[in-house]
Amino acid sequence: MMEWKKLLSPHRVGSSRPGEISQARSPFQRDFDRIVFSSSFRRLQDKTQVFPLAKTDYVRTRLTHSLEASSVARSLGSAVGVHLCREFDMGDAQPSDVGAAVAAAALAHDIGNPPLGHAGEEAIRHWFTHSPVGKAMRDVMNDDEAADFEFYEGNAQGFRVLTRLEMPDQAGGMQLTCATLAAFAKYPCASRVMVRPTGVAGKKFNFFRAEEQLFREMAEHTGLVQTGPWAWQRHPLAYLVEAADDIAYRIVDFEDGQRLGLVSYQELEQLFLEIIDSERSAEYVATIASPLRKSEFLRAQVIGRLVGECTKAFIDHHEELLSGTLEKPLLSYIGCQEPLRRIEARSTRDIYQHRAVAEVIGAGFEMVSGMLDIFVPCVNEMALEATGGKIASFRSRRLSALLPDMAENLADEEWRRSAYLRLLRVLDYVSGMTDSYAVSLFQKLKGISL
Numbered sequence: 194m195m196e197w198k199k200l201l202s203p204h205r206v207g208s209s210r211p212g213e214i215s216q217a218r219s220p221f222q223r224d225f226d227r228i229v230f231s232s233s234f235r236r237l238q239d240k241t242q243v244f245p246l247a248k249t250d251y252v253r254t255r256l257t258h259s260l261e262a263s264s265v266a267r268s269l270g271s272a273v274g275v276h277l278c279r280e281f282d283m284g285d286a287q288p289s290d291v292g293a294a295v296a297a298a299a300l301a302h303d304i305g306n307p308p309l310g311h312a313g314e315e316a317i318r319h320w321f322t323h324s325p326v327g328k329a330m331r332d333v334m335n336d337d338e339a340a341d342f343e344f345y346e347g348n349a350q351g352f353r354v355l356t357r358l359e360m361p362d363q364a365g366g367m368q369l370t371c372a373t374l375a376a377f378a379k380y381p382c383a384s385r386v387m388v389r390p391t392g393v394a395g396k397k398f399n400f401f402r403a404e405e406q407l408f409r410e411m412a413e414h415t416g417l418v419q420t421g422p423w424a425w426q427r428h429p430l431a432y433l434v435e436a437a438d439d440i441a442y443r444i445v446d447f448e449d450g451q452r453l454g455l456v457s458y459q460e461l462e463q464l465f466l467e468i469i470d471s472e473r474s475a476e477y478v479a480t481i482a483s484p485l486r487k488s489e490f491l492r493a494q495v496i497g498r499l500v501g502e503c504t505k506a507f508i509d510h511h512e513e514l515l516s517g518t519l520e521k522p523l524l525s526y527i528g529c530q531e532p533l534r535r536i537e538a539r540s541t542r543d544i545y546q547h548r549a550v551a552e553v554i555g556a557g558f559e560m561v562s563g564m565l566d567i568f569v570p571c572v573n574e575m576a577l578e579a580t581g582g583k584i585a586s587f588r589s590r591r592l593s594a595l596l597p598d599m600a601e602n603l604a605d606e607e608w609r610r611s612a613y614l615r616l617l618r619v620l621d622y623v624s625g626m627t628d629s630y631a632v633s634l635f636q637k638l639k640g641i642s643l
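Going by this note's numbering, the first residue of the sequence shown is number 194, and it counts up by one from there.
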């Protein structure tokens with residue numbers, strides 16, 4: 194059984210010193226600030242949420258989605274925190290501390306996503322198993338290493354961003370608190386494990402082999418229940434991060450679809466009012482003249498209702514959360530399932546699978562694969578030369594120079610001899626690209642534009 198005193202551990206991953214105590218900011222508020230000022234977070238402003246390379250400023254990007262999810266997460270965490278502080282020994286923790294930790298984790302939940310979101314992830318997986326260049330890399334890796342790329346995950350890349358790539362000169366990268374990182378880790382296992390966590394926690398994975406020790410440090414300090422050599426049960430607050438993400442994208446993506454004319458206002462109003470289930474809200478929305486203002490009011494009411502329902506679900510299932518046995522997301526335990534199901538079905542059919550979305554994502558799939566076919570051989574040539582082999586080509590020298598810290602990497606013998614570490618480094622570069630930069634660079638590399 195997990196314990197809240199450990200679950201809210203303020204220990205900073207990679208740090209050997211006690212954290213500085215500040216009366217102005219809690220450790221978890223400092224986590225939030227470190228994330229929001231990072232370059233990786235800033236680049237989310239030009240990464241796809243649903244509509245790639247959207248031409249209208251209204252449509253959400255990964256940045257606005259992350260901010261909205263974080264806002265929902267703070268509300269969820271603070272509401273749950275009130276209950277926890279009243280019913281359990283939480284030490285010095287306040288309800289706002291729970292809210293701040295969940296808000297920070299939700300703020301970072303998409304920070305590892307490659308260009309074009311889930312399509313970019315799938316492009317990387319497909320490249321590794323189908324491209325001649327990718328298959329050649331697979332041939333010189335062991336099965337554990339290869340699994341990181343066969344099942345490539347933006348969640349694992351996000352953990353790498355937070356603990357290694359940002360502030361790379363210090364151990365643990367940003368040195369976020371263990372509580373925030375554990376709440377961030379919705380899938381607390383490695384890519385290739387014999388026994389995955391049961392239920393939703395085992396659907397994906399949250400750390401690469403390269404960050405295994407950092408993940409173990411986090412799990413130890415928070416007291417996560419270990420289920421196998423490379424797998425743990427979820428931190429209870431990870432369910433709140435998941436709920437915040439689910440609420441934000443289900444409701445807000447539907448609102449975006451209505452704004453773009455893919456969903457009628459009448460349908461949005463009907464479905465949202467079914468969730469709100471309030472005659473007062475129905476009467477009030479009828480007095481608003483503008484459909485835009487109507488949808489904004491309804492969206493706020495829906496989110497408020499879902500936050501309340503998920504808070505209740507967390508409290509009702511508290512024992513299962515602490516024992517690590519809750520197998521479904523919190524949204525699965527609330528009422529209003531029917532309108533949520535219809536929103537999801539409508540969004541899948543007419544928003545996520547819209548022709549314009551599919552066309553750009555299809556092109557992006559080729560773009561990500563194409564860049565890996567270009568950069569991976571260049572880096573391999575440079576590593577071979579550095580170990581006394583064949584001199585790298587002029588092209589490889591110029592293109593590999595685009596990757597950050599290339600000189601430092603070439604000076605590292607382990608990196609030079611490890612195909613696994615070299616491919617991770619190329620993916621750090623490609624996955625960190627914004628949509629616009631990736632398109633522009635690919636066009637230049639292919640001679641389409643200069």
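Note that CB positions come from ideal geometry on N, CA and C, so glycine has one too.
What does a CB cutoff of less than 6 Å around residue i pick up in its chain, not counting 5 residues either side in sequence?
i, result
"Gly310", "Thr241"
"Ala475", "Leu466"
"Gly557", "Leu309 and Ala312"
"Cys278", "Pro288"
"Cys529", "Ile468"
"Gly450", "Val456 and Ile544"
"Glu346", "Lys397 and Phe398"
Does the beta-carbon of residue i have 16 or more other beta-carbons within 10 angstroms, so that it is buried, or is it exposed?
i, result
"Met194", "exposed"
"Glu531", "exposed"
"Val553", "buried"
"Pro307", "buried"
"Gln551", "The amino acid occupying residue 551 in the given sequence is Ala; Gln does not appear at that position. Counting Cβ neighbours within 10 Å, Ala551 comes out exposed, since fewer than 16 surround it."
"Ala594", "exposed"
"Val500", "buried"
"Arg534", "exposed"
"Asn348", "buried"
"Glu513", "exposed"
"Ser457", "exposed"
"Gly454", "exposed"
"Pro220", "buried"
"Ile469", "buried"
"Glu601", "exposed"
"Ile527", "buried"
"Arg498", "buried"
Between the Cα of residue i and those of the options, spot the shortest distance and give me the residue it belongs to.
i, options, result
"Ser263", "Ile304, Pro570, Ile554 and Phe465", "Ile304"
"Glu489", "Leu461, Glu472 and Val206", "Leu461"
"Arg235", "Arg498, Ala349 and His258", "His258"
"Glu448", "Gln419, Gly416, Thr420 and Lys487", "Lys487"
"Val632", "Ala604, Asp598, Glu559 and Glu512", "Glu559"
"Met411", "Ala506, Gly640, Val623 and Pro203", "Pro203"
"Glu502", "Leu200, Val273, Leu515 and Asp226", "Val273"
"Ala375", "Ala301, Ala579 and Arg218", "Ala301"
"Gln224", "Ala293, Ser208 and Arg385", "Residue identity check: residue 224 is Asp in the sequence provided, not Gln. With distances taken between Cα atoms, Asp224 lies closest to Ala293."
"Asp446", "Trp320, Asp336 and Tyr545", "Tyr545"
"Leu523", "Arg548, Asp439 and Leu515", "Asp439"
"Glu384", "Ala479, Gly351, Gly625 and Ala340", "Residue identity check: residue 384 is Ser in the sequence provided, not Glu. For the residues Ala479, Gly351, Gly625 and Ala340, the minimum Cα distance to Ser384 belongs to Ala340."
"Leu519", "Leu634, Ala506 and Gly421", "Ala506"
"Pro361", "Ser232, Val561 and Asp226", "Ser232"
"Phe352", "Phe400, Val333, Val478 and Asp332", "Phe400"
"Gln216", "Ile228, Lys521, Leu515 and Ala286", "Ala286"
"Lys199", "Leu237, Val386, Ala579 and Leu417", "Leu417"
"Ser562", "Met599, Ser589 and Phe342", "Phe342"
I need the DSSP call for residue i, collapsed to helix, strand or coil.
i, result
"Thr627", "coil"
"Trp425", "strand"
"Cys529", "coil"
"Arg210", "coil"
"Thr420", "strand"
"Thr580", "coil"
"Arg385", "coil"
"Thr254", "strand"
"Arg205", "strand"
"Thr356", "helix"
"Thr518", "coil"
Ordered along the chain, which non-local residues of its own chain (more than five positions away) have a Cβ less than 7 Å from that of residue i?
i, result
"Glu338", "Arg402 and Tyr613"
"Ala444", "For the record, residue 444 in the displayed sequence is Ile; it is not Ala. The residues are Arg492, Val495 and Ile496."
"Gly365", "Arg205, Val206, Gly207, Ser208, Thr356 and Leu407"
"Glu537", "Arg443"
Would you please verify whether the beta carbon of residue i is less than 8 Å from any beta carbon of chain B?
i, result
"Arg385", "Note that chain B does not occur in the displayed structure, where there is just one protein chain."
Excluding sequence positions up to five away, which residues of its chain have a Cβ less than 8 Å from the Cβ of residue i?
i, result
"Val619", "Leu565, Phe568, Val569, Val572 and Leu596"
"Pro484", "Tyr458"
"Ile508", "Val273 and His276"
Using 8 Å as the threshold, is the stretch 264-271 in touch with the stretch 314-322, meaning 3 or more CB pairs across them? Not touching, per the Cβ criterion.
Are three or more beta carbon pairs between the stretch 293-304 and the stretch 363-377 nearer than 8 Å? yes
Whether or not the stretch 536-548 and the stretch 602-619 are in contact is what I'm after, with contact meaning three or more pairs of Cβ atoms, one per stretch, closer than 8 Å; do they touch? no
Under 8 Å: do the stretch 373-381 and the stretch 419-437 share three or more Cβ pairs, one atom per stretch? yes
Pairs of beta-carbons, one from the stretch 322-331 and one from the stretch 564-582, closer than 8 Å: are there three or more? Judged by Cβ distances under 8 Å, the stretch 322-331 makes contact with the stretch 564-582, as three or more pairs qualify.
Count the CB pairs spanning the stretch 405-417 and the stretch 350-365 that are closer than 8 Å, and state whether there are at least three. Flag = yes, the stretch 405-417 and the stretch 350-365 touch.
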